[in-house]
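What follows is a set of notes on a single structure, which appears directly below.
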Amino acid sequence: MPILRPSQPQDIDQITAIYAHHVQNGTGTFEITPPTAAEMSQRRDDVLAKHLPYLVAVDGKRLLGFAYCNWFKPRPAYRFSAEDSIYLAPDAHGRGLGCALLAELCRQAECRGVRKLIAVIGDSANQASIGVHRSNGFQSVGVLASCGWKFGRWLDVVMMDKALGAGDTCAPNVFTPTAD
């Protein structure tokens, strides 16, 4: 039975391999060249430095998938909106792991003050990712038609989002330092 847990530095090689598979064979990411383990480690460190979740699904020592979120845009007004990313090992699809990872990611992101989680899904034909997001309460907010070029064809981006916690019903709990 797979378990979900926070990622650890020793997970990077398996995370890198899973992501490389998607870069080389899939349209869910628009990257063309798989990043190195060092680059993936740096990306993970960046997420964790922002106090955002970076999760893995493991079965024994085998990593079956990973999920994380990062700020949607770097400007301060976006500081309560994050973009999610989920990737599964090729043989781990259809077992509910994507749904479980996304549900836990939503829970942990909300605990960290995220009010809006945004899915930027590569390829409008990516029904698995669209379905995982829909089953976790995400709603479609639009399609950016033909904005990516990969594998010799134009690809759409499907935008979905989900309000977390109080969403936009009230102001976020913002700490404002005071002068002594």
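Numbers in the working numbering are just positions in the sequence shown, counted from 1, shifted up by 12. All C-beta atoms, glycine included, are put in the ideal place defined by N, C-alpha and C.
{"Check": "Whole angstroms is fine: what's the gap from W161's alpha carbon to D23's?", "Outcome": "30 Å"}
{"Check": "Please state whether the Cβ-Cβ distance between A140 and M172 is less than 8 Å.", "Outcome": "no"}
{"Check": "Out of A69, G164, Y31 and S19, point me to the one whose CA is closest to D57's CA.", "Outcome": "S19"}
{"Check": "For K174, which residues in the same chain have their Cβ closer than 6 Å to its Cβ, ignoring the five residues on either side in sequence?", "Outcome": "L129, G149 and F150"}
{"Check": "Taking C-alpha atoms, which residue in M52, G110, F92 and H63 lies nearest to I15?", "Outcome": "G110"}
{"Check": "Whole angstroms are fine: how far does the CA of F92 sit from the CA of G125?", "Outcome": "7 Å"}
{"Check": "Considering only residues of the same chain and omitting the five flanking positions on each side of D25, which have a CB-CB separation below 7 Å?", "Outcome": "A49"}
{"Check": "Going by other Cβ atoms of all chains shown within 10 Å of its Cβ, with 16 needed for buried, is Q81 buried or exposed?", "Outcome": "Checking the sequence, you will find Cys at residue 81 rather than Gln. So C81 ends up on the buried side."}
{"Check": "Which partner residues does S97 have in the DSSP bridge list?", "Outcome": "Y80"}
{"Check": "In angstroms with no decimal places, state the Cα-to-Cα distance between Q120 and A157.", "Outcome": "31 Å"}
{"Check": "Let me know if F163 comes out buried or exposed under the rule of 16 or more other beta-carbons within 10 Å of its beta-carbon.", "Outcome": "exposed"}
{"Check": "Within 10 Å of its beta-carbon, does D180 have 16 or more other beta-carbons around it, so buried, or fewer, so exposed?", "Outcome": "exposed"}
{"Check": "Out of G143, I30 and G72, which one is the CA nearest neighbour of G106?", "Outcome": "G143"}
{"Check": "Based on DSSP bridge pairs, tell me the residues matched to A151.", "Outcome": "In the sequence as displayed, the identity of residue 151 is Gln instead of Ala. According to DSSP, which records beta bridges pairwise, Q151 is partnered with D173."}
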